[in-house]
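A.B. asks: For the record, in the sequence shown the residue sitting at position 123 is 122 according to numbering that gives the first Met the number 0, with numbers rising by one throughout.
Here it is: the structure, laid out below.
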Amino acid sequence: MHPSLPHYISLLRKDFTEYCGQKLSEQGLSQGLLYFILYIGKHPGCSPGELSRSLQMDAGHSTRSLTRLEETGFILRQANPADKRSCILELTDKGQDAFDLSHDLFDRWEAEAVRGLTQEEHTQLLALLRRILPGERKEPPCMKP
0 MHPSLPHYIS LLRKDFTEYC GQKLSEQGLS QGLLYFILYI GKHPGCSPGE
50 LSRSLQMDAG HSTRSLTRLE ETGFILRQAN PADKRSCILE LTDKGQDAFD
100 LSHDLFDRWE AEAVRGLTQE EHTQLLALLR RILPGERKEP PCMKP
């Protein structure tokens, strides 16, 4: 059997998870919760429904995760000034620190992972991976501007 795309993706995910796990754990975060921080950091003032749809999470899971992030001081839920029946999500200072840390971790891991590639090869690798993302998801939802 020859190595396959799932094999390489599994190895990269394992390496990434181990690399980031310790630092995230020190912050009181899991990788799953981090995606909520990343989305809110890139979309301040988003609604819980918008976040759930964009991350393709069910509403119950999102609600539990947001409650945990709020209870641990990473996010604030505030009344939406345009519609008092709904709320908007914002990062706290602690949440912003976690957002900044995650970008630093991601950048350092990526630099280490591609250190044997030229800039052109790195760009080509990213372009090829983007092409095989399913459907309309050509950019991970938490990374969209």
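C-beta: ideal position from N, C-alpha, C; glycine also.
1. Less than 8 Å between the CB atoms is what I'm expecting for L104 and K22, so what's the real figure, rounded?
2. Closer than 7 Å by C-beta to S85: which residues in its own chain qualify, once you throw out the five before and the five after it? Chain order, please.
3. Helix, strand or coil: how does DSSP classify A97 here?
4. If you compare alpha carbons, which of I36, E69, T71, H60 is closest to A97?
5. Quick one, which of H6, P5, F15, I8 has its alpha-carbon nearest E169's?
6. Can you list, in chain order, the residues of its chain with a C-beta nearer than 7 Å to that of G27? Leave out the 5 residues immediately preceding and following it.
7. Tell me the DSSP bridge mates of Q77?
8. If we call anything under 8 Å between Cβ atoms a contact, is G44 one with I74?
9. Confirm, please, whether the CB-CB distance from H121 to V113 is below 8 Å.
C.D. replies: Let me spell this out:
1. 6 Å
2. S46, N79
3. helix
4. I36
5. Outside the shown range of the chain (0 to 144) lies residue 169, about which nothing can therefore be said.
6. T71
7. I87
8. no
9. yes
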